Structure formats: C-alpha cells, structure tokens
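Read the structure below first, then the notes.
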Amino acid sequence: MTLDAESQPGSKRLPTLEIGDDGEATLELWCKGGKGRFSVAGNTVIFVAGPLEDRACPPARAQADDELVAALSEAATWRRQGDFVSFIGNKSLRFRLNTN
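In our numbering, the protein residues as written are 11 to 110.
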C-alpha cells in the first residue's frame with residue numbers, strides 16, 4: 011500500500027506499507043525504513059512498530075517519518091473502501107492498495 015499524501019520537498023518518494031499474512035509489516039517511509047506488526051480483529055487494529063533504520067535523513071523527513079509511525083501506532087480501527095485502506099485514530103491515514 012502507498013500512503014495517499016503529497017511527497018516531501020526534494021523527494022518523489024511516498025511511504026509504503028506491506029502487511030504479510032502473519033501480520034508482519036514492512037515500512038518504507040519518506041526516508042527511514044523498518045518492520046512492525048499488525049494485529050487485526052474485525053475493524054479493530056493494533057500496530058506495534060519495530061526499530062526503524064536511520065538513513066541519515068534530513069530533519070524534516072525524519073520528523074515526518076516519526077509522526078507517521080506514531081499515527082499508525084495510535085490507530086484503533088481500520089476500514090477499506092475500494093482500493094483504499096484507512097487507519098483511524100487521532101489522525102486518519104489513507105493508503106492506496108498497490109494493484110500493479
């Protein structure tokens with residue numbers, strides 16, 4: 011899935027999230043990358059982030075990555091509408107399913 015957002019200044023990269031059948035997640039953010047785990051029961055979701063690889067990110071991108079991981083960690087529910095999956099908590103995050 012790819013985050014439905016604008017790219018960061020100076021970069022065309024958008025965060026992606028890949029969730030395996032066992033709940034293991036791989037995150038490639040604006041700059042950082044890492045793993046985590048999703049647990050889903052009905053429309054309830056819990057995300058636990060693992061350590062993120064620090065790739066000498068510019069401060070603005072590193073902060074955006076940290077905020078994105080925090081928002082995923084705070085998400086309590088999720089829903090799918092067509093090719094979009096939303097994680098809903100204090101901040102809603104919308105991802106487009108990669109269909110290619």
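Even for Gly, the Cβ is constructed at its ideal location relative to N, Cα and C.
Please read all numbers here as calculations on a predicted model, not as lab measurements.
Helix, strand or coil: which one does DSSP assign to residue i?
i: R23; result: coil
i: L107; result: coil
Exposed or buried, which one is residue i when buried takes at least 16 other CB atoms within 10 Å?
i: G46; result: buried
i: A70; result: exposed
i: K22; result: exposed
i: D75; result: buried
i: Q18; result: buried
i: F94; result: exposed
i: A35; result: buried
i: V79; result: buried
Run through the DSSP bridge pairs and tell me what residue i is partnered with.
i: Q91; result: F94
i: S17; result: None; S17 has no bridge partner.
i: V58; result: R47
i: L37; result: L27 and G44
i: K63; result: The question names Lys, but residue 63 is Glu in the sequence shown. Answer is G43, bridged to E63.
Just the Cα atoms here: how many angstroms apart are residue i and residue j?
i: A85; j: G44; result: 18 angstroms
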